[in-house]
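**Student:** Protein chains in written order, with numbering that gives the first Met the number 0: chain A, 0 to 206; chain B, 0 to 206; chain C, 0 to 206; chain D, 0 to 206.
The C-beta atom is built at its ideal place from N, Cα and C for all residues, glycine as well.
Attaching a single structure in C-alpha cells format; questions to follow.
Protein chains: 4
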Amino acid sequence: MSHQLPEPIPAESPAAHGTARALRADARRNRERVLRTAQQLFAQEGLGVSLDEIARRAGVGPGTVHRHFPSKEALYLAVSIDQLERLVAEAAALAAGGDPAAVFTLLSRMMADGAENSTVKSALTAAEFDLRTAAPEVATDLTGYVTELLDRARTAGLVRDDVTADEVMALVAGAFAAIRHADAHADPARAARIGGIILDGIRPRSR
Amino acid sequence: MSHQLPEPIPAESPAAHGTARALRADARRNRERVLRTAQQLFAQEGLGVSLDEIARRAGVGPGTVHRHFPSKEALYLAVSIDQLERLVAEAAALAAGGDPAAVFTLLSRMMADGAENSTVKSALTAAEFDLRTAAPEVATDLTGYVTELLDRARTAGLVRDDVTADEVMALVAGAFAAIRHADAHADPARAARIGGIILDGIRPRSR
Amino acid sequence: MSHQLPEPIPAESPAAHGTARALRADARRNRERVLRTAQQLFAQEGLGVSLDEIARRAGVGPGTVHRHFPSKEALYLAVSIDQLERLVAEAAALAAGGDPAAVFTLLSRMMADGAENSTVKSALTAAEFDLRTAAPEVATDLTGYVTELLDRARTAGLVRDDVTADEVMALVAGAFAAIRHADAHADPARAARIGGIILDGIRPRSR
Amino acid sequence: MSHQLPEPIPAESPAAHGTARALRADARRNRERVLRTAQQLFAQEGLGVSLDEIARRAGVGPGTVHRHFPSKEALYLAVSIDQLERLVAEAAALAAGGDPAAVFTLLSRMMADGAENSTVKSALTAAEFDLRTAAPEVATDLTGYVTELLDRARTAGLVRDDVTADEVMALVAGAFAAIRHADAHADPARAARIGGIILDGIRPRSR
DNA sequence: AATGAATGAGCCTTCATTCAT
DNA sequence: CATGAATGAAGGCTCATTCAT
C-alpha cells in the first residue's frame, strides 16, 4: 500500500494517446514476469542465479530487468518486499478476527510458507542484503501485527510472559532453517512437527 | 645420505636457540593461519568471500591457499570439519560424565558456538557443499553422541518422548538462524534466551 | 507486437540513411574480427595465446570473445572449421571441372594456404582438440573430394597406385610443417619447391 | 662434444675431498633423471607438462629441476640438444662409411626417431623456443653431415640435382608431421610408407 | 646440493552493469 | 521502452620461479 512503485503520475502524463498506455501495460506485465521468475529462481537456487538467467526465463532481455530493477540487490529486495506484503495482508486479516490463538495460526503459516519457499526465509533472515534498512515500513507493519496478536495471546494466557515479538520473528526464521536443515521441505508432517516444537517453546510452562 | 637436514655449520650458527627449527613448522603455521582466516571470513561474510581475499588477510599468496586446500570447497570443508571435531570432543566429554541433563549443556554450547561463529551453523546446515557426504564420520559421530545423550535425558524424563536426534540437530541449526536473525550475536543474554525457548520446546509438557 | 523493432518515430528520425541499420551487423563484425584475430594469432603463436590477448588485439573485451565463442576450444574449432570450409569449397569447384590433374592443383593450394597460415595445418593436424570429432562433416567432405580427385588422377596414370587419400592428407600436413620449418612462409618460390618435392613423391615412378 | 655442460673445471676444483665427489655423482644422476623424464613427458604430452610433474616423476623436488635447468626453456633446449647430439653421432658414423645411399639411411632413421618420439620433431621444428639460436653448433654439425651425405648421393645420381640440405631437413620435419597426422606412430609399416613417399620425392625423376 | 613451500602473474571464465540501436 | 551486445572487474585455479631451511 504505502509501497507503490514510482509511477510518473498517470493522470498528468503528457502522452495520453493509446500507444503509450499499451506500452505501459506491457511494461507492467514484464515487471511482474521478472518479479515472479526471480522469486522462483531465488527460492530454488539461491542468490547465486545470474540476472541473465532470470531474464532468459522471464522471456525478456537483460536490459529490461535492469530497467525495472536497477541492481541485483534492488530485485532481491523487491522480491522480498512482495512476499512480506502478502504476510502483512494475512496478519491484518487475522488481527481483524477475534481469535486469541491467532498468533499461532500466523506463525504456522509463516513457517509453512518458508518451508515451501525459502525466499521468504531469506527475505526475513535478510542475510545478504539489508531488508530492514531498505523497506523499513513493511517490516514494521508485520512486526506491528505480530506484536498485537502476541499481546492478545498473552492476555489469554497462551504464551509466555517473557517473549517479545522480535524474538518470535527470530524464531520463525529459525524454524525455516531447522526445517530446511532437516530436509523437511517436502515432508509437511515433519515440517509441522519441527515448527510445532518451536511454537511449544513460546507457550507458557503449564502449571 | 644426501637427504640429511642441511645444517649450516652448527658451531658457527648465529642463532642456535630453539626458534631456528622451523620450515615444516612454517608450513603448518601457514595452513593454520589460512584455516583460521577462512573461518573468520566465512563466518562474517559467508561463502561469498574470495580466496584471494582470504589469502591477502592471512598474509600469504593465493597459491599457498591452494597448496593447502586445493579448492574452495576443500577449504570450506576443512573449516567445517575442524569445528565439528571440536563439538564432537565436547560431546564425548559430556557423554563420559553422568549428568542426565547433559544434552542441554551440549545443545546450549552448540548454540553459543553458532551465535559466535556462524560457520558452525553453515557447517551443520551444509547448504552449499555437502558435509555429510565429504566427512560422514564426524557428522555421524556427533549425531551418535547427541542420540546417546538424548536417550539418557529421555529416560530421566527430561525431554519429550517424540523428539528425535535429527530433529534436535535441526533445531540447533534453527537456533543459529534465529539468533543471527535477532542480531543477538553480540548479546549473549539475548542469544541464551532465544536458545532457551527452543530448548524448552523439546522438554516434556509438564504435568 | 511488443517485440517489434523499436523504430524511433521514423518520420522525425534525424538519420534516415542506410548506414543506420547496424547493431546486429556490429555483432557480426565483432565476431568476424575476433575470428580473424584468433586465426592470425593461433597461426603466429600457436594455441598458447591467451584469450585476453586475442580480445585485446581484436579491440574487444574478454567477455565479447566469450559471448561469441564460449570456450577456447570453441574458438579454435570455429577458426579451423572456417578454414576447412574454404578448402572444401575449392575442392568442390575443382571436382566440378574435368582436369585429371586437379588433385595437384588442390594439394598445391592447400600447401600454399598452410604456408601462409599455419592454422590450417593445425586444423588438419588437429593435435590438441579433436576436429574430427567436433566437425566430422567438414572433414569428411574434404576427404571425400580428395578421394574423388585422387581416383581420377590415378585412372589417368598421374599418381602412384599405392597411395591413399589419408596418406595424401597426411602429406599435406607434412608439407605445412616442412615449409614452416624451412621458414619458407614468406618465400613462395621456396615453399612451392618444397611442396613440389612432396607432390613428386606421389607421382608414379615414371616409365 | 663441443657442447659439454658448464663444469667448474674438475681438475682445479678447490674441494677435492671424497664427499664432494660423491655429491657431484648424485647431482649428475639427478640431472640425467630429470633430462630423461622430461624427454619422455615432452614427447608424450607436449610442452604443456608442468615442471612440477616432471620433478615428481623424476623423483626429485622442483627446486632440483631448477638448479640444473634454470628455466623451462633451458630444460627444453637441453632435451632437444641431447637428441640432436645422438643424431649427429649417427650421421658421423654414416659419413665415415662409404655408402653413397647413406643419406637415405640417415633420413629414414631420423624419421623413425621422430615417429617414435615427437620431441625430436619439436626439437627440429623448434616451433616454440628457438633451437637454432640457442645451440647453433649442434644444428650446424647435423646440417654439415647431411650436406656431406647429400652431396655424395647426388654425385652417385641418387638424388635430384636441385634439392638442398636445408630442404631435406625441412622434409624430415614434414615427415614427422605427416606420420603424426596419420596417427601412424604405432604402425611402423605405415610410417615407413609415408616416409618413403617423401624420400621418393627427392630421388631423381627416372629417365 | 636438495627440498618443497611460497610466491604471484596470468589463464579461462562468469556476470552485473552499461549502452548503442 | 525493449533489446541484447559489449564491457571489464573479479573469481577460482595453475604453474614457472624463488627462497628459506
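Please classify Gln-43 of chain C: is it buried, with 16 or more other beta-carbons within 10 angstroms of its beta-carbon, or exposed?
**Tutor:** Its Cβ having fewer than 16 others within 10 Å, Gln-43 of chain C is exposed.
**Student:** Whole angstroms are fine: how far does the CA of Arg-189 of chain D sit from the CA of Leu-170 of chain C?
**Tutor:** Spanning the two alpha carbons is a distance of roughly 12 Å.
**Student:** Count the C-beta pairs between the stretch 151-167 of chain C and the stretch 158-167 of chain D that are closer than 8 Å, then say yes if the count reaches three, no if not.
**Tutor:** The stretch 151-167 of chain C, when compared against the stretch 158-167 of chain D, does not touch it at the 8 Å Cβ threshold.
**Student:** Measuring straight from C-alpha to C-alpha, what distance separates Glu-147 of chain D and Gly-97 of chain C?
**Tutor:** If I take the Cα positions, the gap works out to 45 Å.
**Student:** Determine the DSSP secondary structure at Leu-34 of chain B, reduced to helix, strand or coil.
**Tutor:** Note: Leu-34 of chain B maps to helix in three-state DSSP.
**Student:** Measure the alpha-carbon distance for Leu-149 of chain A versus Leu-76 of chain B and round it to whole angstroms.
**Tutor:** Near 41 Å, if we compare the C-alpha coordinates of Leu-76 of chain B and Leu-149 of chain A.
**Student:** Consult DSSP for Leu-146 of chain D and reduce its assignment to one of helix, strand or coil.
**Tutor:** Leu is not the amino acid found at residue 146 of chain D; the sequence shown has Thr there. Reduced to three states, the DSSP call for Thr-146 of chain D is helix.
**Student:** Would you call Glu-166 of chain C buried or exposed, if buried means 16 or more other Cβ atoms sit within 10 Å of its Cβ?
**Tutor:** Classification of Glu-166 of chain C: buried, given that the 10 Å Cβ count is 16 or more.
**Student:** Taking the straight line between their C-alpha atoms, what separation do you get for Pro-69 of chain C and Val-102 of chain B?
**Tutor:** Distance between the alpha carbons of Pro-69 of chain C and Val-102 of chain B is about 54 Å.
**Student:** Measuring CB to CB, does Ala-262 of chain C end up less than 8 Å from Tyr-144 of chain C?
**Tutor:** In the structure as shown, chain C begins at 0 and stops at 206. Residue 262 of chain C is therefore absent and cannot be evaluated.
**Student:** As a quick exercise: from B:Gln-82, B:Val-87, B:Glu-31, B:Ala-191, pick the residue whose alpha carbon is nearest that of Leu-141 of chain B.
**Tutor:** If we check each option's Cα against that of Leu-141 of chain B, B:Val-87 comes out closest.
**Student:** Strictly below 8 Å CB to CB, what residues from chain C border Val-59 of chain D?
**Tutor:** Correct list: empty, because the minimum Cβ distance to chain C is about 27 Å.
**Student:** Residues of chain B with CB closer than 7 Å to the CB of Gly-156 of chain A, please, in chain order.
**Tutor:** Simply none; closest approach about 15 Å.
**Student:** Throw me the rounded Cβ distance for the Val-162 of chain D and Ile-201 of chain C pair, which I believe falls under 8 Å.
**Tutor:** Contact flag wrong, Cβ pair sits at about 17 Å.
**Student:** Let me know if Gly-58 of chain B comes out buried or exposed under the rule of 16 or more other beta-carbons within 10 Å of its beta-carbon.
**Tutor:** Looking at its Cβ environment, which holds fewer than 16 other Cβ atoms inside 10 Å, Gly-58 of chain B is exposed.
**Student:** Measuring only the C-alpha atoms, how far is Thr-36 of chain D from Arg-85 of chain D?
**Tutor:** For Thr-36 of chain D and Arg-85 of chain D, the distance between alpha carbons rounds to 17 Å.
**Student:** Assuming the contact rule is C-beta atoms closer than 8 Å, Leu-83 of chain B and Val-33 of chain B should be a hit. Round their C-beta distance to whole Å, please.
**Tutor:** No, Leu-83 of chain B and Val-33 of chain B are not in contact; Cβ-Cβ is about 18 Å, not under 8 Å.
**Student:** For Pro-69 of chain B, does the three-state DSSP call read helix, strand or coil?
**Tutor:** In this structure, Pro-69 of chain B counts as coil in the three-state DSSP scheme.
**Student:** DSSP three-state call for His-258 of chain C: helix, strand or coil?
**Tutor:** With chain C covering 0 to 206 only, the question about residue 258 of chain C has no answer from this structure.
**Student:** 8 Å is my cut-off, CB to CB: does Phe-103 of chain B come that close to chain A?
**Tutor:** Output row for Phe-103 of chain B: interface = no.
**Student:** Taking all protein chains shown into account, decide if Arg-204 of chain C is buried (16 or more other Cβ within 10 angstroms of its Cβ) or exposed.
**Tutor:** By the neighbour-count rule (16 or more Cβ atoms within 10 Å), Arg-204 of chain C is not buried but exposed.
**Student:** Asp-182 of chain D to Ala-172 of chain C, Cα distance in whole Å?
**Tutor:** Taking the straight line joining both Cα atoms gives about 12 Å.
**Student:** Measuring only between beta-carbons, confirm whether Ile-196 of chain C sits less than 8 Å from chain D.
**Tutor:** Judged by the 8 Å Cβ criterion, Ile-196 of chain C is in contact with chain D.
**Student:** Along chain C, which residues have their Cβ under 9 Å away from the Cβ of Ile-201 of chain D?
**Tutor:** Result: Ile-196, Asp-199, Gly-200.
**Student:** Under DSSP, the alpha helix (DSSP H) around Gly-200 of chain B begins and ends at which residues?
**Tutor:** Segment 187-201, the alpha helix (DSSP H) holding Gly-200 of chain B.
**Student:** On the three-state DSSP scale, how would you describe Arg-159 of chain D?
**Tutor:** Note: Arg-159 of chain D maps to coil in three-state DSSP.
**Student:** Check each candidate in B:Ala-191, B:Asn-29, B:Thr-104, B:Ser-49 and name the one with the smallest Cα separation from Arg-66 of chain B.
**Tutor:** Arg-66 of chain B has its Cα closest to that of B:Asn-29, out of B:Ala-191, B:Asn-29, B:Thr-104, B:Ser-49.
**Student:** Name the chain D residues whose beta carbon is nearer than 9 Å to that of His-184 of chain C?
**Tutor:** By Cβ distance, chain D contributes nothing, its closest Cβ being about 12 Å from His-184 of chain C, past 9 Å.
**Student:** Does Asp-112 of chain B pass the burial test, meaning 16 or more other C-beta atoms within 10 Å, or should it be called exposed?
**Tutor:** Under this definition Asp-112 of chain B is a buried residue.
**Student:** Residues of chain D with a CB under 7 Å from the CB of Asp-160 of chain C: which are they?
**Tutor:** Neighbours of Asp-160 of chain C on chain D: none; closest Cβ ~13 Å, over 7 Å.
**Student:** Quick one: does Leu-170 of chain B have its CB under 8 Å from some CB of chain A?
**Tutor:** Closer than 8 Å: yes.
**Student:** Hey, does Asp-140 of chain C have any beta-carbon neighbour from chain D nearer than 8 Å?
**Tutor:** For Asp-140 of chain C, the answer is no, since every Cβ of chain D falls outside 8 Å of its Cβ.
**Student:** Take Leu-198 of chain B as the anchor and find which of B:Ala-24, B:Arg-108, B:Ile-80, B:Asp-25 has the nearest alpha-carbon.
**Tutor:** Comparing Cα-Cα distances from Leu-198 of chain B to each of B:Ala-24, B:Arg-108, B:Ile-80, B:Asp-25, the minimum goes to B:Arg-108.
**Student:** Taking 8 Å as the threshold (C-beta atoms), are Ala-54 of chain D and Gly-60 of chain D in contact?
**Tutor:** Yes. Within cutoff.
**Student:** What did DSSP end up calling Thr-124 of chain B once you bin it into helix, strand or coil?
**Tutor:** Annotation note: pLDDT 47 at Thr-124 of chain B (below 50); position unreliable, coordinate value reported separately. It is helical.
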